[in-house]
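The block underneath contains the structure these notes are about, expressed in structure tokens.
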Amino acid sequence: MAEPDFQFTEISKFYPETFGEPGMRTFRINIDSASSNALIWVEKEQLSELCKSMNQLIKDVKPDENSYTFPPVEKEAPGLSKIEFKTNKIAFGFDENLIR
Numbered sequence: 019m020a021e022p023d024f025q026f027t028e029i030s031k032f033y034p035e036t037f038g039e040p041g042m043r044t045f046r047i048n049i050d051s052a053s054s055n056a057l058i059w060v061e062k063e064q065l066s067e068l069c070k071s072m073n074q075l076i077k078d079v080k081p082d083e084n085s086y087t088f089p090p091v092e093k094e095a096p097g098l099s100k101i102e103f104k105t106n107k108i109a110f111g112f113d114e115n116l117i118r
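Quick note: the sequence shown, position 80, residue 98 per my numbering, numbers continuous.
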């Protein structure tokens, strides 16, 4: 799989949003990083599974506060990048090397 040209390396805000009445809702994830913003439209099940995965990761990974290394900011998207898209597939990963 191809690597993205740019990444959100230091996410400062990640929050789900819902719009509409029950049964007719649409779901979106709003993400802010040091220089960029992304709006990602997702299905209800995708959002639910992503949140479960993130909560499990928070429980499982307890890094030593002195072990954190900073992400590669040279890959951070250019300043004031704003993207919006609907996803078909969503994946969530964790790089253990960033906390060693």
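Yeah, the Cβ is synthetic: ideal placement off N, Cα and C, and Gly gets one too.
Quick check on the burial criterion: 16 or more other C-beta atoms within 10 angstroms. Buried or exposed for residue i?
| i | result |
| --- | --- |
| Lys107 | exposed |
| Ser54 | buried |
| Val79 | exposed |
| Arg118 | Reliability of the predicted coordinates at Arg118 is poor, the pLDDT of 49 falling under 50, and the value obtained from them is presented with this limitation in mind. Per the 10 Å Cβ criterion, exposed. |
| Ser51 | buried |
Could you check the C-alpha separation between residue i and residue j for me, to the nearest Å?
| i | j | result |
| --- | --- | --- |
| Lys70 | Lys104 | 20 Å |
| Ile101 | Arg46 | 13 Å |
| Phe112 | Leu75 | 8 Å |
On the DSSP letters alone, give me the boundaries of the beta strand (DSSP E) that residue i sits inside.
| i | result |
| --- | --- |
| Glu35 | 29-37 |
| Ser53 | Neither: Ser53 is in no beta strand (DSSP E) and is coded neither H nor E. |
| Lys107 | From DSSP, Lys107 is part of no beta strand (DSSP E); its letter is neither H nor E. |
Residue i lies in the alpha helix (DSSP H); which residues open and close that run?
| i | result |
| --- | --- |
| Glu114 | Counting along the chain, Glu114 falls outside any alpha helix (DSSP H), and DSSP gives it neither H nor E. |
| Glu67 | 62-78 |
Please name the residue, chosen from the options, that lies closest to residue i on a Cα-to-Cα basis.
| i | options | result |
| --- | --- | --- |
| Trp59 | Lys77, Thr44, Lys31 | Thr44 |
| Thr36 | Glu61, Ser30, Ile29 | Glu61 |
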